[in-house]
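What follows is a set of notes on a single structure, which appears directly below.
2 protein chains.
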Amino acid sequence: MCIGVVDPLNMWHEYFSDSSDRVVQFLFFIASTKTSTIPGISIAGANPELTLYTPTLDVEYLVFGMPRTMNVIPVTPDGLPTPALITRAILHLVRAPYMVVNVGAYRSPLVPAVMLPHAVVGGRIDVENALPESYAEKLFDDARKLGEMIAGEKSLFVVGESMPGGTTTAMAIMEVLGYRAIGRVSSSSPNNPVNLKEEVFRRAVKRFGGSIPLSNVFKAVEVFGDPLHISIAGFVAGAIERGAKVLLAGGTQMCSVLAILKRLGVDVRGRVAIGTTRWIVEDRGSDIAGLVRDIAPEVPIAYTMLSFGDAPYTGLRLYESGYVKEGVGAGGAAVIAKLKWGLSLDTIKKAIYEEYRRLLGAGYVKRD
Amino acid sequence: MCIGVVDPLNMWHEYFSDSSDRVVQFLFFIASTKTSTIPGISIAGANPELTLYTPTLDVEYLVFGMPRTMNVIPVTPDGLPTPALITRAILHLVRAPYMVVNVGAYRSPLVPAVMLPHAVVGGRIDVENALPESYAEKLFDDARKLGEMIAGEKSLFVVGESMPGGTTTAMAIMEVLGYRAIGRVSSSSPNNPVNLKEEVFRRAVKRFGGSIPLSNVFKAVEVFGDPLHISIAGFVAGAIERGAKVLLAGGTQMCSVLAILKRLGVDVRGRVAIGTTRWIVEDRGSDIAGLVRDIAPEVPIAYTMLSFGDAPYTGLRLYESGYVKEGVGAGGAAVIAKLKWGLSLDTIKKAIYEEYRRLLGAGYVKRD
Numbered sequence: 007m008c009i010g011v012v013d014p015l016n017m018w019h020e021y022f023s024d025s026s027d028r029v030v031q032f033l034f035f036i037a038s039t040k041t042s043t044i045p046g047i048s049i050a051g052a053n054p055e056l057t058l059y060t061p062t063l064d065v066e067y068l069v070f071g072m073p074r075t076m077n078v079i080p081v082t083p084d085g086l087p088t089p090a091l092i093t094r095a096i097l098h099l100v101r102a103p104y105m106v107v108n109v110g111a112y113r114s115p116l117v118p119a120v121m122l123p124h125a126v127v128g129g130r131i132d133v134e135n136a137l138p139e140s141y142a143e144k145l146f147d148d149a150r151k152l153g154e155m156i157a158g159e160k161s162l163f164v165v166g167e168s169m170p171g172g173t174t175t176a177m178a179i180m181e182v183l184g185y186r187a188i189g190r191v192s193s194s195s196p197n198n199p200v201n202l203k204e205e206v207f208r209r210a211v212k213r214f215g216g217s218i219p220l221s222n223v224f225k226a227v228e229v230f231g232d233p234l235h236i237s238i239a240g241f242v243a244g245a246i247e248r249g250a251k252v253l254l255a256g257g258t259q260m261c262s263v264l265a266i267l268k269r270l271g272v273d274v275r276g277r278v279a280i281g282t283t284r285w286i287v288e289d290r291g292s293d294i295a296g297l298v299r300d301i302a303p304e305v306p307i308a309y310t311m312l313s314f315g316d317a318p319y320t321g322l323r324l325y326e327s328g329y330v331k332e333g334v335g336a337g338g339a340a341v342i343a344k345l346k347w348g349l350s351l352d353t354i355k356k357a358i359y360e361e362y363r364r365l366l367g368a369g370y371v372k373r374d
Numbered sequence: 007m008c009i010g011v012v013d014p015l016n017m018w019h020e021y022f023s024d025s026s027d028r029v030v031q032f033l034f035f036i037a038s039t040k041t042s043t044i045p046g047i048s049i050a051g052a053n054p055e056l057t058l059y060t061p062t063l064d065v066e067y068l069v070f071g072m073p074r075t076m077n078v079i080p081v082t083p084d085g086l087p088t089p090a091l092i093t094r095a096i097l098h099l100v101r102a103p104y105m106v107v108n109v110g111a112y113r114s115p116l117v118p119a120v121m122l123p124h125a126v127v128g129g130r131i132d133v134e135n136a137l138p139e140s141y142a143e144k145l146f147d148d149a150r151k152l153g154e155m156i157a158g159e160k161s162l163f164v165v166g167e168s169m170p171g172g173t174t175t176a177m178a179i180m181e182v183l184g185y186r187a188i189g190r191v192s193s194s195s196p197n198n199p200v201n202l203k204e205e206v207f208r209r210a211v212k213r214f215g216g217s218i219p220l221s222n223v224f225k226a227v228e229v230f231g232d233p234l235h236i237s238i239a240g241f242v243a244g245a246i247e248r249g250a251k252v253l254l255a256g257g258t259q260m261c262s263v264l265a266i267l268k269r270l271g272v273d274v275r276g277r278v279a280i281g282t283t284r285w286i287v288e289d290r291g292s293d294i295a296g297l298v299r300d301i302a303p304e305v306p307i308a309y310t311m312l313s314f315g316d317a318p319y320t321g322l323r324l325y326e327s328g329y330v331k332e333g334v335g336a337g338g339a340a341v342i343a344k345l346k347w348g349l350s351l352d353t354i355k356k357a358i359y360e361e362y363r364r365l366l367g368a369g370y371v372k373r374d
């Protein structure tokens with residue numbers, strides 16, 4: 007078995023029925039939120055300040071196989087490399103078209119990238135609003151227009167993301183939109199800082215002062231969110247309006263995209279699915295199945311059975327202990343690689359191990 | 007007859023044989039060159055300074071149906087609107103995916119757009135270099151990477167452009183690469199300022215001081231060119247390497263793209279064609295057929311038979327007197343609309359006339 011599907015299975019069949027003859031394109035949305043610099047919130051960077059550079063370095067590495075803005079690829083404080091290595095290995099195998107969409111990276115990546123006109127770095131939500139006034143709606147509209155522009159009726163977009171701190175802002179978005187999310191979002195750390203995430207959210211609520219939940223989706227994102235999830239939601243709205251399908255390639259963060267779409271009344275049935283990893287679905291510290299059931303039960307979750315239990319490198323074996331888990335579209339890429347191109351897990355793993363070896367050899371990864 | 011093909015016909019058949027089941031995507035490359043501000047060089051703007059804004063306003067209008075950066079759409083000093091109106095009308099009919107690629111617009115357009123990392127406004131070539139040192143190669147590499155990223159083996163890219171002053175810099179590029187181009191490039195004016203274009207080139211040669219032709223393509227573009235044509239050449243190189251085909255949707259400017267590719271040794275046979283208008287092919291003030299014959303005789307030229315002789319608006323009838331002629335992919339869009347979607351010239355014309363009426367009604371065009 008290469009792919010698992012979280013019940014109900016029939017939703018997955020409805021979603022995937024006509025997908026095999028669709029044109030698959032990968033999109034990687036990147037942004038920064040200063041929320042990631044709160045000490046302890048994110049390990050998607052060697053230290054809190056460096057998390058701001060992670061999206062930039064992730065896509066530079068994805069495109070060129072090496073970073074450009076600084077001479078490092080993103081690693082955790084323990085030296086575990088970015089999950090972009092999984093995505094890069096798969097992209098290399100399937101050679102599918104892909105693009106980067108910059109909706110607010112702290113540094114513009116030195117790669118060709120779609121720039122949204124209102125791209126902006128997100129604020130640290132415990133002490134300031136996430137976005138300037140009206141930018142939530144502007145980003146949504148920018149990205150919806152992008153979806154309308156690039157989608158064909160036969161398109162299938164695999165949408166990955168890179169934004170450290172994203173599970174915290176995703177949790178906040180879901181909560182203020184009226185969904186129970188505290189303690190249910192994932193983490194790239196095996197020690198999910200659930201209490202800290204909740205505390206950040208409580209501080210944001212106090213700073214806001216008004217009553218929650220908020221019925222105004224854009225206001226909710228402006229105060230409590232980030233530039234990323236609202237942009238992905240806008241893109242999905244525009245793309246599916248044109249007949250495209252979207253595989254949200256990510257973990258619990260993507261549930262906030264669904265929350266935004268639902269509260270805006272966008273009908274995602276049969277058009278949108280989540281593609282992720284086993285490490286997310288089996289994570290006891292979070293609850294992607296429950297979140298989707300509460301928010302959009304018509305959205306199926308497919309996940310790759312990819313396992314690194316037999317990996318020759320500690321930096322990969324530690325995935326089995328709850329490190330990293332997902333990111334930069336890794337899980338969804340593995341799902342679609344099987345479904346569209348028939349690649350076996352062995353083929354994918356071999357490519358990932360080769361890529362890891364290359365990174366070791368080039369000195370970008372120290373941990374073998 | 008809806009489409010004409012400049013001999014030899016067999017090259018067109020070789021190019022187009024497998025094109026009907028390709029996935030068509032439109033790309034609009036935009037840039038500014040300060041060469042357009044030399045009085046008399048370009049009428050692609052109400053006055054020389056405004057030509058710098060034309061690429062930005064063209065794509066804003068293309069995407070939204072109205073400008074955003076300023077409240078005007080590009081018009082000639084006589085009030086004739088941008089040929090983007092042809093392209094917009096066709097895009098609306100065929101609903102094909104499209105993107106904007108900013109390689110050096112004077113103002114970043116307020117639309118989602120791919121930005122190349124080394125995007126830069128071009129210098130006024132009679133008094134300064136076109137590009138900063140090494141930027142010709144950097145732009146080529148950026149755009150080649152973009153081609154590699156977004157091309158599938160079934161892709162057919164229709165590549166249009168907007169850059170006033172472009173025929174002058176294209177002429178200069180071809181001349182310094184060793185092709186006879188003086189007096190052979192087109193103009194959006196019925197009074198092609200051939201002497202002024204030649205004078206600008208002579209001044210650039212004098213400023214340079216070295217001997218021409220130049221064997222170093224990147225040096226040639228750095229001194230005499232612009233950011234646009236080298237970027238389109240890079241994109242073509244990357245895209246066809248991935249199995250894609252490209253329709254260069256433009257007039258004599260596109261011959262400089264072919265010149266760059268030929269001098270870099272890129273094999274374009276069966277992969278690249280030019281798609282343009284009858285107004286370009288029949289223009290007595292320029293010689294697209296001769297340029298292609300000299301530079302890349304294996305590249306076919308197809309052109310739409312679109313005529314505005316019976317148009318209800320002077321602003322369109324004047325195309326028949328040599329105004330505007332081509333731009334923003336108009337000719338290539340009409341060619342592909344027929345070949346891929348079977349649209350008749352009547353259908354296309356009706357949509358264009360409707361769009362013209364809308365622009366009159368909205369006050370963006372004064373000339374009826």
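For the record, the sequence lines run as chains A and B.
Take 7 as the starting number for the first sequence in the numbering used here and just add one per residue.
Take 7 as the starting number for the second sequence in the numbering used here and just add one per residue.
Note that the Cβ used here is the ideal one computed from N, Cα and C, for glycine as well.
Quick caveat, the model's predicted, so the values are computed rather than measured.
- Considering only A:89, A:211 and A:58, the residue with the shortest C-alpha distance to residue 131 of chain A is A:211.
- Approximately 19 Å separates the beta-carbon atoms of residue 218 of chain A and residue 264 of chain A; this is outside 8 Å, ruling out the contact.
- DSSP places residue 155 of chain A in the helix class (H, G or I) of the three-state scheme.
- At a Cβ-Cβ threshold of 9 Å, residue 340 of chain A and residue 10 of chain A do not count as neighbours.
- Residue pairing from DSSP places residue 31 of chain A in a beta bridge opposite A:163.
- Chain-order list of chain B residues neighbouring residue 59 of chain A: empty, with the shortest C-beta distance near 16 Å, by a criterion of under 9 Å.
- Of the other Cβ atoms in all chains shown, fewer than 16 fall within 10 Å of the Cβ of residue 98 of chain B; this residue is therefore exposed.
- In the DSSP annotation of this structure, residue 329 of chain A is not part of any beta strand (DSSP E), being labelled neither H nor E.
- Listed along the chain, the chain B residues whose CB falls inside 9 Å of the CB of residue 99 of chain A amount to none; the nearest CB is some 15 Å away.
- The C-beta of residue 70 of chain A comes closer than 9 Å to at least one C-beta of chain B.
- Within chain B, no C-beta atom comes less than 8 Å from the C-beta of residue 111 of chain A; the nearest is roughly 12 Å away.
- Counting only residues of its own chain and dropping the five nearest sequence neighbours on each side, residue 314 of chain A has a CB closer than 7 Å to the CB of 322, 323, 325 and 326.
- In this structure, the beta-carbon distance from residue 170 of chain B to residue 292 of chain B does not fall below 9 Å.
- Residue range 200–214 is occupied by the alpha helix (DSSP H) that includes residue 206 of chain A.
- Against chain B, the CB of residue 233 of chain A has no partner CB under 9 Å away; the residue lies outside that interface.
- Looking only at A:38, A:63, A:240 and A:192, the smallest Cα-Cα distance to residue 272 of chain A is reached by A:240.
- Classified as buried, residue 161 of chain A has 16 or more neighbouring CB atoms from the shown chains inside 10 Å of its CB.
- Those residues of the stretch 125–157 of chain A placed with their C-beta closer than 8 Å to a C-beta in chain B are 148, 149, 151, 152, 155, 156 and 157, ordered along the chain.
- Between residue 345 of chain A and the set A:12, A:23 and A:16, the nearest pair of CA atoms involves A:23.
- In the structure shown, residue 338 of chain A falls within a helical segment according to DSSP collapsed to helix, strand and coil.
- In this model, residue 266 of chain B and residue 183 of chain B are separated by some 8 Å (Cα to Cα).
- In the assembly as shown, residue 312 of chain B is a buried residue. Its beta-carbon has 16 or more other beta-carbons within 10 Å.
- In the displayed model, residue 87 of chain A falls within a strand according to three-state DSSP.
- A:232 is the residue among A:232, A:363, A:250 and A:298 whose C-alpha sits nearest the C-alpha of residue 168 of chain A.
- Beta-carbon to beta-carbon, residue 65 of chain B and residue 155 of chain A are separated by about 11 Å, too far to satisfy the 8 Å threshold.
- Residue burial is scored here from C-beta neighbours: residue 140 of chain B has fewer than 16 other C-beta atoms within 10 angstroms and is therefore classed as exposed.
- Beta-bridge partners assigned by DSSP to residue 25 of chain B: none are found.
- In this structure, the beta-carbon distance from residue 84 of chain B to residue 373 of chain B falls below 9 Å.
- Annotation for residue 368 of chain A: 72 place their beta carbon closer than 8 Å to its own, counting only its chain and skipping 5 residues before and after.
- Residue 253 of chain B is bridged by DSSP to B:164 and B:279.
- Fewer than three Cβ pairs drawn from the stretch 197–209 of chain B and the stretch 106–120 of chain B lie within less than 8 Å of each other, which leaves the two stretches out of contact.
- Using a Cβ-Cβ cut-off of 9 Å, residue 164 of chain A is close to nothing in chain B; its nearest Cβ partner there is about 14 Å away.
- CA-CA distance, residue 14 of chain A to residue 287 of chain A, rounds to 14 Å.
- Residue 244 of chain A is not a Cβ neighbour of residue 102 of chain B, given a cutoff of 9 Å.
- In the DSSP secondary-structure assignment, residue 9 of chain A is bridged to A:310.
- Proximity of the stretch 55–63 of chain A to the stretch 183–194 of chain A falls short of the contact definition, fewer than three beta-carbon pairs being nearer than 8 Å.
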